[in-house]
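Enquirer: With mature numbering (1 follows the signal peptide of the UniProt record, and there is no 0) applied, the sequence shown covers -33 to -1, 1 to 276. Just so it is clear, CB atoms sit at the ideal spot from N, CA and C, and this is done for glycine as well. Quick caveat, the model's predicted, so the values are computed rather than measured.
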Amino acid sequence: MLYFPFHPMLDRAMPIRSLAFTAALFLSSPALAADAPATPSAMVAQAPAGAWRPIAPDALLVMTVEGGKRVVIQLAPDFAPAHVANIRALARAGWWDGESVYRVQDNYVAQWGDATEKKALPPGIAANIVPDYVRPLATLKGAPVPLPYPDAYAPRTGFIDGWPVAMDETSAWLPHCYAMVGVARNLSPDAGTGAELYAVIGQAPRQLDRNIALVGRVIEGIGLLASLPRGSGDLGFYAAGERRLPILSVRLASDLPEAQRPRYQAMDVGSRSFADYLRLRANRKDDFYERPAGGVDLCNAPVPVRQAP
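1. Mark Ser240 as exposed unless 16 or more other C-beta atoms lie within 10 angstroms of its C-beta, in which case mark it buried.
2. Tell me which residue opens and which closes the beta strand (DSSP E) that Gly183 is part of.
3. Would you be able to state if there are at least three C-beta pairs under 8 Å between the segment 43 to 52 and the segment 190 to 205?
4. Would you check if there are 3 or more beta carbon pairs closer than 8 Å linking the segment 9 to 23 to the segment 142 to 158?
5. Report yes if the CB atom of Ala60 is closer than 7 Å to the CB atom of Pro89, and no otherwise.
6. Would DSSP call Pro269 helix, strand or coil?
7. Around the Cβ of Glu84, are there at least 16 other Cβ atoms within 10 angstroms (buried) or fewer (exposed)?
8. Tell me whether Asp235 is buried or exposed, calling it buried when 16 or more other Cβ atoms sit within 10 Å of its Cβ.
9. Mind checking Asn267: buried by the 16 CB within 10 Å criterion, or exposed?
10. Checking 7 Å against the spacing of the C-beta atoms, do Gly188 and Arg37 come in under that value?
11. Does the Cβ of Glu225 have 16 or more other Cβ atoms within 10 Å, making it buried, or fewer, making it exposed?
12. Is the segment 91 to 104 touching the segment 243 to 257, taking contact as three or more C-beta pairs under 8 Å?
13. Just verifying my parser: in three-state terms, what is the DSSP assignment at Pro7?
14. Label Ala87 either buried or exposed according to how many other C-beta atoms from any shown protein chain fall within 10 Å of its C-beta, with 16 as the threshold for buried.
15. Indicate the three-state DSSP secondary structure (helix, strand or coil) for Ser67 in the structure shown.
16. Inspect the beta-carbon positions of Asp64 and Ser221 and report whether they are closer than 7 Å.
17. In the structure shown, what three-state DSSP assignment does Leu88 receive?
18. May I ask you to report which of helix, strand or coil DSSP gives Gln170?
19. Tell me which same chain residues have a C-beta within less than 7 Å of the C-beta of Thr137, skipping the five on either side of it?
20. Between Cys144 and Ala119, is the Cβ-Cβ spacing less than 7 Å?
21. Hey, quick one: how far does the beta strand (DSSP E) through residue 279 stretch, first residue to last?
22. Secondary structure at Leu28, three-state DSSP: helix, strand or coil?
23. Look up Pro103 in the DSSP assignment and say whether it is helix, strand or coil.
24. Who are the near neighbours of Gly183 in its chain, counting only those whose CB is closer than 6 Å to its CB and skipping five residues on each side?
25. Quick check on Phe(-8): buried or exposed, where buried means 16 or more other Cβ atoms within 10 Å of its Cβ?
26. Among Lys252, Val263, Asp264 and Ser194, which one has its Cα closest to the Cα of Asn74?
27. DSSP three-state call for Leu141: helix, strand or coil?
28. Check for me: the beta strand (DSSP E) holding Leu114 runs from which residue to which?
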């Protein structure tokens, strides 16, 4: 049975970054303008058109569930290329059609795919993927935008090409933040195929970073997954007699008719708007907040995504 990830247990000390790294963002970015919006959401709402980048249709996975409701996942091919290639092939084969969300564990994950684990995979699906989800920094698009605060799970964190990343000096990987999508697997060295997927619906289980492939994030419909009834079986699997949420279809947006394609944009992490948004996430002081936090966690500074106007 594909039962990973386990429930989180923190067991790692917090590394502290160098002062030089911590200061980098502030030394290179001007202060907020006097008339700048007071809240992160207002900053996002007022960001100019040039601060947004389109998300390609072949990077959008559209899952339609019972009742015609929709979950849209942005795929991250640069961070897990072999798994994302499998996921695209599975979607084009209609492999998930008629399957279900079969596990919902409180404060942890919602998982979907073939509950029986007996359904044959389409031809051409890579079955023995070598873990490829810790990526050399040199292969990724653009220079990292640092988040200058200590992190409990990585020497440093930041953002690359619209994604939150944890990093060391040579590599980067996606973090297990709320709404991130990962690949269920059996015991190592199995890395999963991408046929069984899960979305994080609770406090970020960052201890899973670099242990399981993360392939994207839910950008529409995470509330639907997070509000499903919890499974009463071990690890939140639905027990006999408990109703699973049926999946009607899963398709790449690029394979849908033009009129049916969802269109989304992500904020450019190299933009002034994103730098201002980060500063407000870390140092909010307005009519509601009396005490600025003085810092922000990687998972508490999600890259803004919006429907394209």
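Expert: In brief:
1. Here residue 240 is taken as the residue at index 273 of the sequence shown, counted from 1. Buried, because 16 or more other Cβ atoms sit within 10 Å of the Cβ of Ser240.
2. Reading the sequence shown from its first residue, position 216 is the one you call residue 183. Its beta strand (DSSP E) spans residues Leu181 to Glu187.
3. no
4. no
5. The count along the sequence shown starts at 1 and reaches residue 60 at position 93. The count along the sequence shown starts at 1 and reaches residue 89 at position 122. Contact: yes.
6. On the sequence shown, position 302 is the one that residue 269 refers to. Pro269: coil per DSSP, three-state reduction.
7. Your numbering for residue 84 matches position 117 in the sequence shown. Glu84 is exposed by the Cβ-count criterion.
8. The residue you call residue 235 lines up with position 268 of the sequence shown. The residue is buried, with at least 16 neighbouring Cβ atoms inside 10 Å.
9. Sequence index remark: in the sequence shown, residue 267 carries index 300 (1-based). Exposed: under 16 other Cβ atoms inside 10 Å.
10. One-based indexing of the sequence shown puts residue 188 at position 221. One-based indexing of the sequence shown puts residue 37 at position 70. Going by C-beta atoms, Gly188 is nearer than 7 Å to Arg37.
11. Along the sequence shown, one-based indexing puts residue 225 at 258. So Glu225 ends up on the exposed side.
12. no
13. Reading the sequence shown from its first residue, position 40 is the one you call residue 7. DSSP places Pro7 in helix when its eight states are reduced to three.
14. As a first step, residue 87 is located in the sequence shown; it is residue number 120 there, counting from the start. Counting the other Cβ atoms within 10 Å of the Cβ of Ala87 gives fewer than 16, which makes it exposed.
15. The residue you call residue 67 lines up with position 100 of the sequence shown. Ser67: strand per DSSP, three-state reduction.
16. Reading the sequence shown from its first residue, position 97 is the one you call residue 64. Reading the sequence shown from its first residue, position 254 is the one you call residue 221. No. Outside cutoff.
17. Reading the sequence shown from its first residue, position 121 is the one you call residue 88. Looking at Leu88 - three-state DSSP - the assignment turns out to be coil, as it is neither helix nor strand.
18. Translated into the one-based positions of the sequence shown, residue 170 becomes position 203. For Gln170, the secondary structure class from DSSP, reduced to helix, strand or coil, is coil.
19. If you number the sequence shown from 1, residue 137 lands on position 170. Counting only Cβ-Cβ distances below 7 Å, and skipping sequence neighbours, we find Pro103 and Leu104.
20. Locating residue 144 in the sequence shown gives position 177, where the first residue counts as 1. Locating residue 119 in the sequence shown gives position 152, where the first residue counts as 1. No, the pair does not count as a contact, with Cβ atoms beyond the cut-off.
21. Not covered by the structure: residue 279. The range shown for the chain is -33 to 276.
22. Counting from one through the sequence shown, the residue named residue 28 turns up at place 61. It is a strand residue.
23. Taking the sequence shown and counting its residues from 1, one reaches residue 103 at position 136. In this structure, Pro103 counts as strand in the three-state DSSP scheme.
24. In the sequence shown, residue 183 corresponds to position 216, counting from 1. These residues qualify, in order along the chain: Ile40, Gln41, Leu42, Ala43 and Val148.
25. If you number the sequence shown from 1, residue -8 lands on position 26. With a pLDDT of 43 at Phe(-8), under the threshold of 50, the modelled position of that residue is not reliable, and no figure is offered here.
26. Stepping through the sequence shown from its first residue, residue 74 is reached at position 107. Checked all of Lys252, Val263, Asp264 and Ser194; the closest Cα to Asn74 is Ser194.
27. The residue labelled residue 141 in the question sits at position 174 within the sequence shown. DSSP places Leu141 in coil when its eight states are reduced to three.
28. Sequence index remark: in the sequence shown, residue 114 carries index 147 (1-based). Element bounds for Leu114: Val112 to Leu114.
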